[in-house]
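In this note's numbering, the protein residues as written are 249 to 623. In what follows, a structure is listed as structure tokens, so that the remarks can point back to it.
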């Protein structure tokens with residue numbers, strides 16, 4: 249409400265009573281959100297080129313950008329970058345708005361342009377490009393990004409003016425590198441994207457392989473490949489190896505115990521579980537075989553210790569017979585038997601000469617079982 253040319257008060261929607269004009273006057277101020285496009289940093293295009301995608305346009309004339317015609321931002325890594333910005337703003341205090349701003353759109357445009365220049369100087373072209381989002385993806389845009397930084401800086405500048413204006417959102421509708429450098433930039437972006445895809449695929453393959461080897465227990469044993477830092481020990485096994493390298497045997501012993509606990513736990517599955525189960529089964533088989541042999545040895549020991557036992561003679565005879573068979577089967581051994589008056593013969597083995605290696609000589613009646621009959 250204006251009386252005698254001065255703003256007296258602000259009122260909301262509805263019926264308002266005041267003095268008739270020219271003493272009194274009611275000026276309406278819209279508080280609806282308004283959109284403003286800023287193309288100060290966009291490249292110049294002829295009217296017939298505006299509807300054509302940038303990548304389909306013919307190559308630009310040599311000579312670079314034209315000052316005063318082509319707009320661009322200078323990034324922190326000294327690249328030029330084109331952006332087209334949409335600003336959504338509204339009046340939140342009508343009295344301050346009318347008394348402070350004579351040209352609100354120009355004031356808002358200047359604030360946003362200064363904020364864009366300031367923001368681009370603190371970011372690389374790749375960082376600005378990475379914040380490319382859809383216009384409807386406001387949640388991500390507000391969370392962080394090039395546009396949100398512009399909004400914050402511009403809002404702070406307008407707040408100092410107490411102009412009653414609020415910038416609701418800033419949307420970067422279009423963005424691109426200069427057309428002269430666009431092919432090289434696209435190739436770089438493609439290579440970077442390919443690198444990220446390969447890293448992602450490698451991590452997925454590593455996770456799949458580790459799951460097949462050890463199941464969910466792999467994360468405790470070797471760490472998660474997605475969160476692994478190069479050079480840093482990962483998982484219990486990595487920490488154990490580092491402790492051993494540093495000579496920290498006490499800590500290594502503790503870590504080895506933890507590794508054993510994981511290997512024995514129900515978390516371990518996959519190939520590792522199969523190997524451990526197979527090893528445990530083999531250990532059980534060996535233990536049972538040793539127990540049987542020990543039991544047999546214990547039973548035969550009493551008979552062996554008895555000089556008059558027939559079992560003793562049988563064991564000695566079997567042992568000598570097996571030994572003679574192994575000796576006689578060698579190609580480079582000459583076997584000579586010296587008769588003995590005792591129960592068992594004396595047998596000497598001599599290596600054959602080089603020329604007789606293929607000739608086998610046995611001067612003993614091998615048809616008789618050692619220890620049986622008279623010599």
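Positions of the beta carbon are idealized from the N, C-alpha and C atoms, including for glycine.
Between residue 333 and residue 360 the beta-carbon gap is near 6 Å, inside 8 Å, which marks them as a contact. Collapsing the DSSP output to three states places residue 336 in a strand. With contacts defined as CB atoms closer than 8 Å, residue 485 and residue 469 qualify as a contacting pair. In the three-state reduction of the DSSP assignment, residue 321 falls in the strand class, which pools E and B. In the structure shown, the three-state DSSP call for residue 330 is strand.
Closest option to residue 377, judged by alpha-carbon separation, among 422, 409 and 338: 422. In the DSSP assignment, the residues bridged to residue 282 are 337. Put simply, the region 488-505 does not touch the region 535-552. Fewer than three CB pairs are less than 8 Å apart. For secondary structure counted as the alpha helix (DSSP H) over 4 or more consecutive residues, the region 455-494 holds these complete runs in sequence order: 466-470 and 483-493.
Within the model, the alpha-carbon separation for residue 430 versus residue 374 is close to 13 Å.
DSSP, reduced to helix, strand and coil, places residue 427 outside both helices and strands of the structure shown, so it counts as coil. In the DSSP assignment, residue 505 falls within the alpha helix (DSSP H) that extends over 497-512.
Counting along the chain, residue 411 sits inside no alpha helix (DSSP H), nor does DSSP assign it H or E at all. Residue pairing by DSSP places residue 573 in no beta bridge whatsoever. Below 8 Å, enough C-beta pairs join the region 281-298 and the region 322-341 to call them touching: three or more.
When the alpha-carbon of residue 509 is set against those of 498, 524 and 519, the nearest one is in 524. A direct Cα-Cα distance of roughly 24 Å separates residue 538 from residue 568. Runs of the beta strand (DSSP E) lying entirely within the region 518-554, each at least 3 residues long, are absent. Assignment of residue 420 by DSSP, reduced to helix, strand and coil, places it in the strand class. Secondary structure note for residue 359: its alpha helix (DSSP H) is the uninterrupted segment 352-369. Shown here, residue 289 sits in coil according to DSSP, grouped into three states, outside any helix or strand.
DSSP, read as helix, strand or coil, puts residue 562 in helix. Residue 371 sits close to residue 324, with the two beta carbons spaced by under 8 Å. By the criterion of at least three beta-carbon pairs nearer than 8 Å, the region 339-354 is in contact with the region 402-415. Residue 435 and residue 441 have their C-alpha atoms some 10 Å from each other.
Excluding sequence positions up to five before and after residue 458, its CB lies within less than 6 Å of the CB of 466, all in the same chain and listed in chain order. Judged by DSSP in its simplified three-state form, residue 393 adopts coil rather than helix or strand. Per DSSP, the continuous alpha helix (DSSP H) segment holding residue 344 begins and ends at 342-348.
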